[in-house]
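Down below is the structure, laid out as structure tokens.
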Amino acid sequence: MNIFRLFGDLSHLAAIAILLLKIWKTRSCAGVSGKTQLLFAVCFITRYIDLFLHFVSLYNTEKVMKLIYISASVFTCYLIFFKFKATYDGNHDSMRAEFLIVPAAGLACLINTKFDAIEILWTFSIYLEAVAILPQLFLISKTGEAETITSHYLFAQGSYRALYILNWIYRYHYESHVDTIAIVAGVVQTILYCDFFYLYITKVVKGQKIVLPA
Amino acid sequence: GSSLLHHDEL
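Quick mapping for you: the protein sequence lines, in order, are chains A and B.
The opening position of the first sequence corresponds to residue 39 in our numbering, with each subsequent residue numbered one higher.
The opening position of the second sequence corresponds to residue 12 in our numbering, with each subsequent residue numbered one higher.
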């Protein structure tokens with residue numbers, strides 16, 4: 039574990055917590071893409087499937103973190119699609135999730151480290167996570183604005199994988215550890231946030247709201 | 012072995 043991965047995971051936890059708090063406190067999921075949250079839930083379940091296969095005692099933080107990610111993302115989907123369904127902006131959350139899931143699944147079968155079920159599920163989860171934020175960014179471009187709290191959520195969510203890139207550089211240099219698939223997907227994922235990062239740093243930090251087109 | 016493939020990151 040290094041400082042970059044630690045802060046990456048903390049940033050990820052913060053993003054999940056910010057979104058849950060926003061929906062719970064405002065009792066509304068306006069401006070939140072339910073599809074993105076569904077895709078994240080799929081990512082966690084397919085990536086941490088080993089938790090369900092052979093139950094390992096929860097002695098280490100990694101297992102606990104995995105359970106937190108899975109339960110928090112499923113709970114977020116429950117809030118969006120059931121509890122606060124009336125506030126779900128289905129009309130603007132219109133990006134076809136199939137256009138993200140099918141290519142990720144296909145690519146996972148073509149480009150992977152080893153052709154076995156668990157490894158392909160992990161690879162699918164990595165590819166899907168890289169593009170899972172697209173419905174959320176698409177929704178913001180359709181509505182033309184993002185609530186400040188949602189911007190903080192996106193900043194934390196985007197920072198998590200950006201910090202992981204620093205973690206991979208660190209591990210390459212000090213542990214000569216390389217996970218090419220995770221690195222390439224992580225770079226693609228972070229690039230998708232660049233436009234948002236620019237808006238966040240030039241606007242939200244100054245207390246303004248993000249309104250598109252910028 | 013599977014340890015080689017074990018992905019040790021979240």
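Beta carbons are placed, not taken as given, at the ideal position from N, Cα and C, and that holds for glycine.
- As DSSP reads the structure, A:I248 sits in a beta bridge with A:A184.
- Going by DSSP, A:F137 is part of the alpha helix (DSSP H) stretching over E136 to L148.
- Taking all protein chains shown into account, A:Q227 has 16 or more neighbouring C-beta atoms within 10 Å of its C-beta and is therefore buried.
- The way I'd put it, the region 65 to 77 of chain A does touch the region 116 to 124 of chain A; three or more beta-carbon pairs between them come closer than 8 Å.
- Shown here for A:L145: same chain residues with a beta carbon closer than 7 Å to its own, the five before and five after excluded, namely Y165 in chain order.
- Shown here, A:K152 sits in coil according to DSSP, grouped into three states, outside any helix or strand.
- Here A:R43 is not near A:Y238, since their CB atoms are 8 Å or more apart.
- In the three-state reduction of the DSSP assignment, A:F45 falls in the helix class.
- Under the three-state reduction of DSSP, A:N205 is assigned to helix.
- Counting only unbroken stretches of 3 or more residues, no beta strand (DSSP E) element lies wholly within the region 57 to 115 of chain A.
- Its Cα nearest to that of A:V140, the residue A:F162 stands out among A:F162, A:A220, A:K123 and A:E185.
- Near chain B, meaning a CB-to-CB distance below 7 Å, the residues of the region 151 to 168 of chain A are T151, K152, E157 and W160.
- By the beta-carbon neighbour count (other beta carbons within 10 angstroms, threshold 16), A:I41 is exposed.
- A:R43 reaches chain B at E20, counting residues in chain order whose Cβ is nearer than 8 Å.
- Taking the C-beta atoms as reference points, A:E167 is found no nearer than 8 Å to A:A110.
- Rounded to the nearest whole angstrom, the C-alpha separation of A:V112 and A:A53 is 15 Å.
- Shown in chain order are the members of the region 88 to 117 of chain A whose Cβ falls below 8 Å from a Cβ of chain B: E100, M103, K104 and Y107.
- With a cut-off of 8 Å on Cβ pairs, the region 85 to 104 of chain A is not in contact with the region 119 to 135 of chain A, counting fewer than three such pairs.
- In summary, A:Q195 is buried, with 16 or more beta-carbon neighbours lying within 10 Å of its beta-carbon over all protein chains present.
- By alpha-carbon distance to A:A124, the top candidate from A:C81, A:I61 and A:L204 is A:I61.
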